[in-house]
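Be aware that the sequence shown starts at 1, since it is given in my numbering, and climbs by one per residue.
For every residue, glycine included, the Cβ atom is placed at its ideal position computed from N, Cα and C.
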Amino acid sequence: MEILNYINGEWIKPKVSEYFDVVNPATGETIARTPLSSASGVDLAAGAASDAFLSWRRTPVQDRVQYLFKLRDLLKSNMDEIGRTITDECGKTLDEAKAEMVRAIENVEVACGMPHLGKGEFVEDIATGIDEMMIRQPLGVCTTIAPFNFPGMIPFWFLPYALATGNTYVIKPSEKVPMTMQFIFKLIEQVGFPKGVINMVNGAKDAVDGILDHPAIRAVTFVGSTKVAKYLYARAASNGKRVQAQGGAKNPVIILPDADMNMATNIIADSAFGCAGQRCLAVSLAVTVGAARNEFTELICDAASSRKVGYGLDAGTQMGPVINQASKTRVEQLIGVGSEGGAKVCVDGRGTTVKGYEGGSFVRPTVIADVQKGSELWKTEVFGPVLGLMHTDTIDEAIALANSHAYGNQASLFTSSGAAARKFRHEVEAGNVGINIGVAAPMAFFPFSGWKDSFFGDMHGQSMDAVEFFTQKKVVIERWPKEWSRKF
Ligand code: NAD
């Protein structure tokens, strides 16, 4: 597939000197090349979006959402092909890829409610004969910089809300997985948005820096690693932009002795090893409390050992590869570092090859017991199918351990006690909390974000938070003296 930019309603081959090879992580084959656009590519897209803004913001909201209704239908009817594209470039199984598109579509559906969601406020007679109102107005050109792990879903935490509220938009997909958005933009072209309303620039750091510095760009949404999130948040904010940056994670799950152990194990295994552990909501540290230790350890080791690993398009595959060879090497090194730091590798996924896919970047599910607080394995986001086990005597110690981590994206608890669940919900420091849930991903009508080093900004993605993020509020106070109105 040839990867092009989409600017002002046209497919454009950017003039670049560098390309990034897109590799199918299961086969090792190069399947596309991402052109690494420079700041001048961003300038073209931002210029087109800027020119389109005035007439788009004046398009009535109920007309703007008609484009989104059409997009929603096209995403739904092309789900299989989008899913296969995600599997090919990202490695996850076809079911996981289609599930991600269900979440994308839900966001389009919620944003279709913008005629209602975007309404302002009005108070009559704040003083006799004086009224006050709040109007939401769009910002102008807004952007998304996306990560590799959900190429089809993550842009939709932002894109439909930005457009429905009357902004124009530029997306920069991850250079590792540009094909999914390339395909989705073919659907966007069929929808027939007015020229310049929605644009795409492919690239990496130079394109990102071009966005962060561009004077016409008013808002930046980002999802990716914490290191880049911090850098981008500071640079975009210093240029006066509205920013939200979702970062990395190290999600704990606490298992109490009264949990249903079989259910807990199945759900935790899906969370830790699903999408090859490359979800920002994947659990990566399991903390057993008291008597839960032995049974959970045994069951999770069995679940890890029996998972079927292979090419995501092959029937029966439960887990695909990690994104590339560099990632495989990094994950395997971290497993090695873990075992040196006093932990014990109970199920070792290093050195995996899959018959027929010898060039693939496979790491089998791995379980490491006795991970030490403060160790490399405790601190670092592995972003692979690696679950560390820890143990405490009480729920208080387990919650304190979870809260002592720098990240706060998600925390989960498995229990049959309502009181324990309530305590956990109240005390745990994370933006997304699961009670007997392994991937606590908010539906589109709830906000999505972590806390602490997992998030930089105020307004979260999705739902009313996205409406707030993509609009600026104007307050008007009005008086119409009676004698003036009598003149007409
Ligand atoms: P990444 O930070 O490497 O890349 C994300 C985006 O930033 C890409 O578009 C990339 O081109 C750009 N980028 C990379 N390096 C840059 C630099 N030095 N300067 C400017 N731009 C740069 O992240 P990734 O590897 O694609 O994605 C995995 C990460 O994303 C994990 O840390 C994961 O936890 C995180 N993530 C977080 C959430 C969340 O909701 N918090 C969701 C999904 C993924």
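CA nearest to the CA of residue i, picked from the options
| i | options | result |
| --- | --- | --- |
| residue 508 | 62, 445, 107 | Outside the displayed span of the chain (1 to 488) sits residue 508, for which this structure offers no information. |
| residue 334 | 320, 299, 375 | 375 |
| residue 28 | 470, 394, 481, 361 | 361 |
| residue 479 | 51, 123, 91 | 123 |
| residue 192 | 111, 459, 70, 202 | 70 |
| residue 315 | 92, 344, 156, 411 | 92 |
| residue 364 | 66, 386, 373, 428 | 386 |
| residue 399 | 429, 234, 198, 240 | 429 |
| residue 51 | 275, 197, 455 | 197 |
| residue 274 | 149, 38, 190, 397 | 149 |
| residue 265 | 157, 432, 294 | 294 |
| residue 522 | 104, 481, 82 | In this structure the chain extends from 1 to 488, so residue 522 is not present and cannot be described. |
| residue 12 | 46, 200, 73, 24 | 200 |
| residue 163 | 48, 460, 67 | 67 |
| residue 297 | 338, 261, 234, 39 | 261 |
| residue 204 | 38, 291, 165 | 38 |
| residue 61 | 396, 16, 136, 99 | 136 |
| residue 413 | 378, 343, 440, 42 | 440 |
| residue 403 | 450, 26, 89 | 450 |
| residue 369 | 251, 358, 347 | 347 |
| residue 110 | 215, 461, 426, 472 | 461 |
Residue i (DSSP reduced to helix, strand or coil)
| i | result |
| --- | --- |
| residue 6 | strand |
| residue 71 | helix |
| residue 436 | coil |
| residue 346 | strand |
| residue 443 | coil |
| residue 241 | coil |
| residue 480 | coil |
| residue 411 | strand |
| residue 227 | helix |
| residue 136 | strand |
| residue 396 | helix |
| residue 116 | helix |
| residue 491 | Nothing in the structure corresponds to residue 491, since the chain is present only between 1 and 488. |
| residue 460 | coil |
| residue 388 | strand |
| residue 332 | helix |
| residue 197 | coil |
| residue 21 | strand |
| residue 453 | coil |
| residue 427 | helix |
| residue 208 | helix |
| residue 467 | helix |
Inter-residue CB distance, residue i and residue j (contact presumed, cutoff 8 Å)
| i | j | result |
| --- | --- | --- |
| residue 114 | residue 79 | Not confirmed; about 24 Å, so no contact. |
| residue 86 | residue 151 | 6 Å |
| residue 53 | residue 140 | 6 Å |
| residue 304 | residue 367 | 5 Å |
| residue 268 | residue 438 | 5 Å |
| residue 249 | residue 381 | 6 Å |
| residue 20 | residue 175 | 4 Å |
| residue 302 | residue 416 | At roughly 22 Å, the Cβ-Cβ gap does not stay under 8 Å, so residue 302 and residue 416 are not in contact. |
| residue 443 | residue 285 | With a Cβ gap of about 25 Å, residue 443 and residue 285 do not count as contacting. |
| residue 194 | residue 167 | Incorrect: roughly 13 Å between the Cβ atoms, too far for contact. |
| residue 7 | residue 32 | Contact doesn't hold; Cβ gap of about 19 Å is too wide. |
Completely contained beta strand (DSSP E) runs for the region 256-326, where each covers 3 or more residues: Within the region 256-326, the complete beta strand (DSSP E) runs of at least 3 residues are 283-289.
Segments of 3+ residues assigned as beta strand (DSSP E) that fall wholly inside the region 141-185: The region 141-185 contains these whole beta strand (DSSP E) runs: 141-145, 168-172.
Sequence ranges, alpha helix (DSSP H) only - wholly within the region 38-98, length at least 4: Within the region 38-98, the complete alpha helix (DSSP H) runs of at least 4 residues are 39-58, 61-77, 79-90.
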